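Participant: Going down the list, the sequences are from chains S and D.
Each residue of the first sequence is one higher than the one before, starting from 0 at the first, in numbering that gives the first Met the number 0.
Each residue of the second sequence is one higher than the one before, starting from 0 at the first, in numbering that gives the first Met the number 0.
C-beta atoms are modelled at their ideal positions from N, C-alpha and C, and glycine is treated no differently.
Because the structure is a prediction, the values reported are computed rather than measured.
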Amino acid sequence: MKRSDREKEFSRRTISRRGLILGGVQLGIAGTLLWRLRDMQLNQSEQFRLLAEENRINLRLLPPTRGLILDRNGVLLAGNEQNYRVVIKRDDAGDIDLVLGRLAQLIDLSEEDIERARRDMLRNRPFVPVTIAERLSWEEISRVAANAPALPGVTPEMGLSRYYPLRADTAHVVGYVGPVSERDLEALEAPDPVLHIPRFQIGKSGVERMQEDQLRGRAGSQRVEVNAIGRVMRELDRVEGVPGTNVQLTLDAKLQNYAIERLHGQSAAAVVLDVANGDILALASGPSFDPNLFVRGISTTDFNALLNDDHRPLVNKTVQGMYPPGSTFKMVTALAALEAGVTDGRETVFCPGHMDVAGNRFHCWRRGGHGRVGMVAALSESCDVYFYEMAQRCGIDKINEMSTRLGLGIRYQLPITSVAGGLNPTREWKRNNRNAEWRIGDTVNASIGQGFVLATPLQLAVMTARLATNTAVLPRLIREPLERDGLIAQSLDLRPEWLRLIHRGMYETVNDRRGTAYSSRVVADGQTMAGKTGTSQVFSITRAEREAGIRRQEDLPWNRRNHALFVDYAPAEKPRIAVSVVVEHGGGGSTAAAPIGRDITLAALNSARPPLSAYPAPQRNRIHSEQQEMEERLRRPEDMRLNRA
Amino acid sequence: MSYLEYNTKRMPAGFAKVLYLNWPLVALLIAVAAYGIVMLYSIAGGSLQPWAEPQAKRFAVGLAVMFAVAFMPLWFWRSIAGIAYAVSLVLLLGVEFFGTVGMGAKRWLVIGPLRLQPSELAKITTILALAAYYDALDLKKVSRPHYVLLAALIALLPALLVLRQPDLGTAILIALGGAVVIFAAGVHWGYFAAVISSGIALATTVMASRGTDWQMLKDYQYRRIDAFLDPSIDPLGAGYHINQSMIALGSGGWSGRGFMEGTQARLNFLPEKHTDFIFTTLAEEFGFLGASSLLLLYMLVMGVCLLTALRTTNRFGALLVMGVIGTFFLYFAVNMAMVMGLAPVVGVPLPLVSYGGSAMLVLMVGFGLVQSAHVHRSRLPT
Numbered sequence: 000m001k002r003s004d005r006e007k008e009f010s011r012r013t014i015s016r017r018g019l020i021l022g023g024v025q026l027g028i029a030g031t032l033l034w035r036l037r038d039m040q041l042n043q044s045e046q047f048r049l050l051a052e053e054n055r056i057n058l059r060l061l062p063p064t065r066g067l068i069l070d071r072n073g074v075l076l077a078g079n080e081q082n083y084r085v086v087i088k089r090d091d092a093g094d095i096d097l098v099l100g101r102l103a104q105l106i107d108l109s110e111e112d113i114e115r116a117r118r119d120m121l122r123n124r125p126f127v128p129v130t131i132a133e134r135l136s137w138e139e140i141s142r143v144a145a146n147a148p149a150l151p152g153v154t155p156e157m158g159l160s161r162y163y164p165l166r167a168d169t170a171h172v173v174g175y176v177g178p179v180s181e182r183d184l185e186a187l188e189a190p191d192p193v194l195h196i197p198r199f200q201i202g203k204s205g206v207e208r209m210q211e212d213q214l215r216g217r218a219g220s221q222r223v224e225v226n227a228i229g230r231v232m233r234e235l236d237r238v239e240g241v242p243g244t245n246v247q248l249t250l251d252a253k254l255q256n257y258a259i260e261r262l263h264g265q266s267a268a269a270v271v272l273d274v275a276n277g278d279i280l281a282l283a284s285g286p287s288f289d290p291n292l293f294v295r296g297i298s299t300t301d302f303n304a305l306l307n308d309d310h311r312p313l314v315n316k317t318v319q320g321m322y323p324p325g326s327t328f329k330m331v332t333a334l335a336a337l338e339a340g341v342t343d344g345r346e347t348v349f350c351p352g353h354m355d356v357a358g359n360r361f362h363c364w365r366r367g368g369h370g371r372v373g374m375v376a377a378l379s380e381s382c383d384v385y386f387y388e389m390a391q392r393c394g395i396d397k398i399n400e401m402s403t404r405l406g407l408g409i410r411y412q413l414p415i416t417s418v419a420g421g422l423n424p425t426r427e428w429k430r431n432n433r434n435a436e437w438r439i440g441d442t443v444n445a446s447i448g449q450g451f452v453l454a455t456p457l458q459l460a461v462m463t464a465r466l467a468t469n470t471a472v473l474p475r476l477i478r479e480p481l482e483r484d485g486l487i488a489q490s491l492d493l494r495p496e497w498l499r500l501i502h503r504g505m506y507e508t509v510n511d512r513r514g515t516a517y518s519s520r521v522v523a524d525g526q527t528m529a530g531k532t533g534t535s536q537v538f539s540i541t542r543a544e545r546e547a548g549i550r551r552q553e554d555l556p557w558n559r560r561n562h563a564l565f566v567d568y569a570p571a572e573k574p575r576i577a578v579s580v581v582v583e584h585g586g587g588g589s590t591a592a593a594p595i596g597r598d599i600t601l602a603a604l605n606s607a608r609p610p611l612s613a614y615p616a617p618q619r620n621r622i623h624s625e626q627q628e629m630e631e632r633l634r635r636p637e638d639m640r641l642n643r644a
Numbered sequence: 000m001s002y003l004e005y006n007t008k009r010m011p012a013g014f015a016k017v018l019y020l021n022w023p024l025v026a027l028l029i030a031v032a033a034y035g036i037v038m039l040y041s042i043a044g045g046s047l048q049p050w051a052e053p054q055a056k057r058f059a060v061g062l063a064v065m066f067a068v069a070f071m072p073l074w075f076w077r078s079i080a081g082i083a084y085a086v087s088l089v090l091l092l093g094v095e096f097f098g099t100v101g102m103g104a105k106r107w108l109v110i111g112p113l114r115l116q117p118s119e120l121a122k123i124t125t126i127l128a129l130a131a132y133y134d135a136l137d138l139k140k141v142s143r144p145h146y147v148l149l150a151a152l153i154a155l156l157p158a159l160l161v162l163r164q165p166d167l168g169t170a171i172l173i174a175l176g177g178a179v180v181i182f183a184a185g186v187h188w189g190y191f192a193a194v195i196s197s198g199i200a201l202a203t204t205v206m207a208s209r210g211t212d213w214q215m216l217k218d219y220q221y222r223r224i225d226a227f228l229d230p231s232i233d234p235l236g237a238g239y240h241i242n243q244s245m246i247a248l249g250s251g252g253w254s255g256r257g258f259m260e261g262t263q264a265r266l267n268f269l270p271e272k273h274t275d276f277i278f279t280t281l282a283e284e285f286g287f288l289g290a291s292s293l294l295l296l297y298m299l300v301m302g303v304c305l306l307t308a309l310r311t312t313n314r315f316g317a318l319l320v321m322g323v324i325g326t327f328f329l330y331f332a333v334n335m336a337m338v339m340g341l342a343p344v345v346g347v348p349l350p351l352v353s354y355g356g357s358a359m360l361v362l363m364v365g366f367g368l369v370q371s372a373h374v375h376r377s378r379l380p381t
C-alpha cells in the first residue's frame, strides 16, 4: 500500500513506541531471570551443592569377615571359605537366554537355577548383578573365566561364606547362619545397617546366634561416585571394617566327635564336664544334622525329613531334653536325708520289695527286695525302698533344697539356644501348675527321680561334678583364661563324711560285684569311675499288655520303652571329669547308658581313643571289634584343621 | 507497494550489500553459538563428537543461510509471505495426517530424503504473514475488531495445529510471536488486556477440567504443571527434571564448578543436558559469570535488532524485525525460566546454543530477515 509521508511517520512512531514498550517488558523479564539466577547461584549455592554431592556420592557397606568359632585346642568349628560364584548383569549380557544357555554347558545348572536367575534379573534393575550359581569348584570357575569372551555380562566372583568343617559333630552347639529375615530385623531395636546388605548372613541358632554381636564385627564403608542410574563410576574412599572376633569354645572337637559317633543310631545325649572349672568338653546330641545344609538353603524335602524323624535330630537333647532322672537322683535324696539328720547313713532299712504309703503300694525295681541295706548298698544296688523311707523322713522341702544346691532345676546361662531349666517340683509349684496339694506319694516318687522331677543331661552332669568336688561347678561353653578358673570354685559346704558315703556308693555301683553298672567297670589304674545308673519310666506296662505276654522292655514299641541314664565322674580317686548320658527309650540304665558313659569317660581321659587295656579282660574281644567298627566312622586327627592365628 | 517505493538511489546493490550488513549482529550470533559449541564439547566429556562438531557445521550452514536470506530484497519476502504462510499451514495439516511419531508426538514430515519439522517453519511464516498483513492494512483500520480478529486467526491457526501434535512449547512460541507483531503494529492495548484476563480465566478452567470427562490436556502435561508448582512432590517422576536442573544450576555458584567438572551433567543426573537443559550445564560449570554473560549476549542481540527496527521507515521491515526479536526473546526466556523452575517444563530449546538443527536454521532465517530489513531499509531523508 502506498502511504503518504505523514502515514509513514505515524507508522514509524507507533512501531518505535510499541517497540520500546516491548523492549522494556523484555528487559524486565530478563532482569527477573537474572535476579533468579543470582538468588540460586549466589545465595543458595551451598544448599544446591550439598544436594549435588548427595546425588553423586553413594555410601556402600562392606560386610565384615565373620569371626571364627574354635574348639579349646584351636580346631576350626566354624570358618569362612572362599565361595566362587557366577553373577550376571542384564544390561551387559544382551541376549540373556543365549548367555545362560552357553553357561549351562560349562557349569552344572538346573532348569530351576536358570529360571530363578532369569526371574531375578527381570525383577532387578538392569545393572544389578544377579547370582546364577554359587559354591562352584575351582575347575568350574576357571572354565567360566576362560570362556569370558563368549559370556558377556557374566563375571566370576569370589566371596566368603560360612562353613562347618566338622558338620554334624557340633551342629547343636555351634548352630548355623542364614540370611537375615524380616523377623530378625523386627526383633532388633536399631538394626545394624550391615544387615540390609543382600545375602548377609547372621547366626540363626547356637553359638552363632548367641555370640552374634562378637562374631559379626563392624562393617566397613566405601564412598563411590554413582551416576543417575546408580552405576558406580569410581571409588572415592574406603574405610575398612573391623572383622568379627573369634570365639573359642571349651569343647574338645575330638572328644565331641567321639561322643557323637558313640551315640550313633540312638536318640541320645551325652555331656562331659571338666569338674575343676565347669568347661563343657563335649555336648553331644544324637542324631545330629549337617548345618552346612542350612547355610546353603535347605531343601523342603531335607527339612521335612529332619522335622519328621522320630529321633528329633534338630533338638539339642543335652540342654533342651528334660527327662525324669530316675535313680541318678538318689544321691540328692541321700544327701537331703543326711543333712536333715534323719539318718547317719550307716543305719539300715529293710527292703521287702515294696512299701505301702498312704494306702498306695510303691514297688522296688527288684520285686524280691534287697533285704537290709545301708546307704552305700542302697546306692550301688539302687534300692528304691531305702529312698522311699528317707524321703518320708526328711520331706520334699529338704530334697528340693538339696536338688537346687546340686544344680538341678537351674537354667544355665550358656551361649546356646533353647536351654531348658528342668523341674524341681515344690509344694508351691504343684499348687500353681497342677492345682492340687502336694501328697506324700509325690515325695515318694520324687525320691527316686520319678513323678514330677525333670532334669536335662547337662544338669545331671553338673550335679555329678558338684558331688565329685563339693564345689558349685557352673558349666561354661566359652573358653576363659586359665587364671579365672579358681574364681568359680565356691564350696557347697557338704560335710566330708556325707560325701564319703555318696562317693562310696557311686564307686561300688560300678566297681562292686553287686553294683548295677559292674559290667561297665574300668580296670585301668587311675581311670576307675564312680557312677550311678538310672532307668526312668516313660509309660507303665499296662495290665492288658502284661496279660498279652509283654513283660520285658524289649517287647514294647521303641517310643514306649524306658529312658536309660548314667552319670559318673572319673578318676574316682581324684575326679577330673563328670559325664552324663541319657539314651531315650534305651531300656535300662545299666545295659544301655552305662557302657556309653564308660566309653565316653575313657575317651575323655585318653584323648578320644579309649585304650583296650582299660576294659576287663573278658570283654576285650567284643570291645575290640566294636572299636574297630567305630574307628571307621571317627574323624581322623588330620581332618581337624587347626586355625593358625 | 511496488519496488519503486524504496529509495533505490541510496539502496546498496550486488556485493556492496555485504558492507551494509549488520555486522555487530553477526559477531554477537557467532559469540552465542560459540557458547553452545563449548558446552556441547564439555557435555560429551571433552569430545567434539557426538555433538560439538555437527553443531558447528550446522551453525556454519545457518550463517550461509542467513547471508542468503539477507541478500534477497525485502520486497521479495513481503511478496512471498502469504504463500509461505499457506504452505506452512498445508505442511502442518500434512503432519496431522502423515506425520511420523517421535518422542510421543507427531512432529516430523518425511518427504523423500527430507525430514521437515513444519512447526519450526510456522514460527517464521506466521511473523512474515502478520508483518505483510499490517503492511497492507490501512493504518486507520488497525484497531478495528474485524481486522484484529483476522490477525489473531493468522497467529492462532498454526499454533492450534502445533498444539495438536502435541507440542505446547512451540505452540506458545508461535502464538506469542504473532502477538508481538500485532502489538507492535499498534493495535489498541485494550485487546491485550482482554486476552490476558481471559487467558487467566482459561488457565483456571484448564486446571479445573482435570480428571473430568472434558479434560483439556494430556495427563503428562498436568503432571508437568504439578511438578512445576512443586517439584518436590515427585522427585523421581515428573519433578525429577526440574529438581535436578535446579540442583545443577544452584551448585554452580559464582564461578562454577569448572570446565567439564559439572557432576550433575557428567553423571547423567541432568535430563536432555545437550538440548533443552543445556543452560543448566553452562550455569553449573561456569557459574553465575557464565550464565549471566550469555543472558547479556542475548540482550545485546535483541538490542542490535531493535535498533534496526527503529531506524527503518519500512513498516513491513520494522514489524518483521520486532517479530523475530520477540520470538528470539521468547525462546531463551521460556527456556531459562523453565530450567530455573519459574515455568513449567515445555520443550523449548535455548536459541543457538541447544543441540539441534531445525530451531537453529529457523532462527538463522529469522536473523537473515533482520539483516535483509537492515540492508534494504528505507533511509530517512536527512
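So, at 8 angstroms on beta carbons, what are the nonlocal neighbours of F70/D in its own chain, with the 5 sequence-adjacent residues on each side left out?
Facilitator: Same-chain partners within the cutoff: K16, S371 and V374.
Participant: Starting from N359/S, trace the beta strand (DSSP E) both ways and give me its first and last residue.
Facilitator: Looking at the DSSP string, the run of the beta strand (DSSP E) that includes N359/S is N359 to H362.
Participant: By the criterion of Cβ-Cβ separation under 7 angstroms, what are the contact partners of R233/S in chain D?
Facilitator: By Cβ distance, chain D contributes nothing, its closest Cβ being about 11 angstroms from R233/S, past 7 angstroms.
Participant: Tell me which residue opens and which closes the beta strand (DSSP E) that N79/S is part of.
Facilitator: N79/S -> beta strand (DSSP E) spans L75 to I87.
Participant: Nearest-angstrom Cα distance between I106/S and D96/S?
Facilitator: Roughly 15 angstroms between the two C-alpha positions.
Participant: Identify every residue that forms a DSSP beta bridge with L60/S.
Facilitator: Beta-bridge pairing links L60/S to S220/S.
Participant: Cβ atoms of V581/S and A593/S: under 8 angstroms apart, would you say?
Facilitator: It is not a contact, given that the beta carbons lie outside the stated cut-off.
Participant: What does DSSP give as the partner residue(s) for S579/S in the beta ladder?
Facilitator: Note: S579/S sits in a beta bridge opposite V270/S and V566/S.
Participant: At a Cβ threshold of 8 angstroms, is S267/D touching chain S?
Facilitator: The question names Ser, but residue 267/D is Asn in the sequence shown. With 8 angstroms as the cut-off, N267/D counts as an interface residue toward chain S.
Participant: Checking the sheet assignment: what are the DSSP bridge partners for Q200/S?
Facilitator: DSSP lists P178/S as partners of Q200/S.
Participant: Under a Cβ-count criterion, where at least 16 other Cβ atoms within 10 Å of its own Cβ denotes burial, should R499/S be classed as buried or exposed?
Facilitator: Exposed, since its Cβ has fewer than 16 Cβ neighbours within 10 Å.
Participant: Between the segment 108-122 of chain S and the segment 56-65 of chain S, do at least 3 Cβ pairs fall closer than 8 angstroms?
Facilitator: Contact fails: fewer than three Cβ-Cβ distances are below 8 angstroms.
Participant: Starting from Y385/S and walking both ways along the alpha helix (DSSP H), at which residues does that stretch end?
Facilitator: D383 to C393 is the extent of the alpha helix (DSSP H) around Y385/S.
Participant: With DSSP as the reference, label P451/S as helix, strand or coil.
Facilitator: Reading off the sequence shown, one finds Phe at residue 451/S, where the question assumed Pro. DSSP places F451/S in coil when its eight states are reduced to three.
Participant: Assess contact between the segment 165-178 of chain S and the segment 44-55 of chain S, defined as three or more Cβ pairs (one per stretch) separated by less than 8 angstroms. Is contact present?
Facilitator: Verdict: no, contact absent.
Participant: Within the 8 angstroms Cβ cut-off, does T455/S reach chain D?
Facilitator: Closer than 8 angstroms: no.
Participant: Please determine if the segment 406-422 of chain S and the segment 448-463 of chain S are in contact, where contact requires at least 3 C-beta pairs separated by less than 8 angstroms.
Facilitator: Yes, the segment 406-422 of chain S is in contact with the segment 448-463 of chain S.
Participant: Ends of the alpha helix (DSSP H) at D441/S?
Facilitator: Its alpha helix (DSSP H) spans residues I439 to S446.
Participant: If you follow the alpha helix (DSSP H) that T648/S is part of, which residue opens it and which one closes it?
Facilitator: No information on residue 648/S is available, as it lies outside the stretch 0 to 644 that chain S covers here.
Participant: Beta-carbon of I246/D versus every beta-carbon of chain A: anything under 8 angstroms?
Facilitator: Given the protein chain composition of this structure (S and D), no chain A is represented.
Participant: Do K397/S and A339/S have their beta-carbon atoms positioned less than 8 angstroms apart in this structure?
Facilitator: It is a contact, given that the beta carbons lie within the stated cut-off.
Participant: Could you spell out the range, first to last residue, of the beta strand (DSSP E) harbouring K531/S?
Facilitator: Note, K531/S: beta strand (DSSP E), A529 to S535.
Participant: Spatial neighbours of E111/S within its chain, please: CB distance less than 7 angstroms, with the 5 preceding and 5 following residues excluded, ordered by chain position.
Facilitator: Cβ neighbours of E111/S beyond the five flanking positions: none.
Participant: Apart from the five residues just before and just after Q626/S, which ones in its own chain have a Cβ nearer than 8 angstroms to its Cβ?
Facilitator: Result list for Q626/S: P609 and L611, in chain order.
Participant: Roughly how far, in whole angstroms, is the beta-carbon of S284/S from the beta-carbon of K316/S, given that I think they are within contact range, below 8 angstroms?
Facilitator: Right, their Cβ atoms sit about 4 angstroms apart.
Participant: Is the CB of Q48/D under 8 angstroms away from at least one CB in chain S?
Facilitator: Q48/D does not count as touching chain S.
Participant: Listing by chain order, which chain S residues have their CB less than 9 angstroms from the CB of A336/D?
Facilitator: Correct list: I28, T31, L32 and R35.
Participant: Which residues, in chain order, does the segment 276-298 of chain D contribute to contact with chain S at a C-beta distance below 7 angstroms?
Facilitator: Listed by position, the residues of the segment 276-298 of chain D near chain S (Cβ gap below 7 angstroms) are A282, G286, F287, A290, S291, L294 and M298.
Participant: Flag this pair as touching only if the segment 355-366 of chain D and the segment 116-125 of chain D have three or more C-beta atom pairs under 8 angstroms; answer yes or no.
Facilitator: With a cut-off of 8 angstroms, the segment 116-125 of chain D and the segment 355-366 of chain D count as touching, because enough Cβ pairs lie within range.
Participant: So, does the CB of Q263/D fall closer than 8 angstroms to a CB anywhere in chain S?
Facilitator: True, the Cβ-Cβ gap to chain S drops below 8 angstroms.
Participant: Kindly list, in the order they appear in chain S, the residues whose Cβ is closer than 9 angstroms to that of L159/D.
Facilitator: Near L159/D there are no residues of chain S at all, since even the closest Cβ is about 24 angstroms away, more than 9 angstroms.
Participant: Which residues bound the beta strand (DSSP E) around H353/S?
Facilitator: That run of the beta strand (DSSP E) goes H353 to V356.
Participant: Among E546/S, H195/S and S589/S, which one has its Cα closest to the Cα of Y517/S?
Facilitator: Of E546/S, H195/S and S589/S, the residue nearest in Cα terms is S589/S.
Participant: Using beta-carbon positions only, say whether L26/S and S291/D come within less than 8 angstroms of one another.
Facilitator: No, the Cβ-Cβ distance between L26/S and S291/D is not below 8 angstroms.
Participant: Tell me whether the beta-carbon of D393/S lies closer than 8 angstroms to the beta-carbon of V452/S.
Facilitator: Here residue 393/S turns out to be Cys, not Asp, going by the sequence shown. No.
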